[in-house]
Structures are given as structure tokens and as C-alpha cells.
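Participant: Quick note on our numbering: the sequence shown kicks off at 7 and runs consecutively. Okay, here's the structure, questions in a sec.
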Amino acid sequence: MWLMMDRIRQELENGGAVVLPTETVYGLFAKALDEKAVDCVYQLKRRPRDKAL
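So this is what it looks like as C-alpha cells:
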């Protein structure tokens, strides 16, 4: 469990995004103020950059 949490932390710190389950749905998590992370979310969602998240 701790290894998984450490991997998630590393991914977020390096500008990545992670998908994690909540009680009802899966959530996409990233640092909102990290431009690299925001780009990662746009790529994962295949969303044009001119559209809001």
C-alpha cells in the first residue's frame, strides 16, 4: 500500500495525473497549478486546449 501511495505522489510531483477510485466513480487527479500536469489531463481526455476542463 505504501509503495502505491509513494508512486502516486511521485507521479503528481512530476507533473503527471492519476486515476483513483472514489466511493461512486473514478476521479482524475493532478496538480491544477502545474502546467505540465494540466497538459497531461488535456492529453488524457483528448480535449482541445482552447476548451475549459
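C-beta atoms are modelled at their ideal positions from N, C-alpha and C, and glycine is treated no differently.
Please determine, among W8, L9, G21, the residue with the shortest C-alpha to C-alpha distance to Q49.
Facilitator: G21
Participant: Does V31 come out as helix, strand or coil in the three-state DSSP assignment?
Facilitator: coil
Participant: For A43, count the other beta carbons within 10 Å of its own beta carbon; 16 or more makes it buried, fewer makes it exposed. Which is it?
Facilitator: buried
Participant: Do you know offhand how far L39's Cα is from R15's?
Facilitator: Here the alpha carbons of R15 and L39 stand approximately 16 Å from one another.
Participant: Could you check where the alpha helix (DSSP H) with K57 kicks off and where it finishes?
Facilitator: Neither: K57 is in no alpha helix (DSSP H) and is coded neither H nor E.
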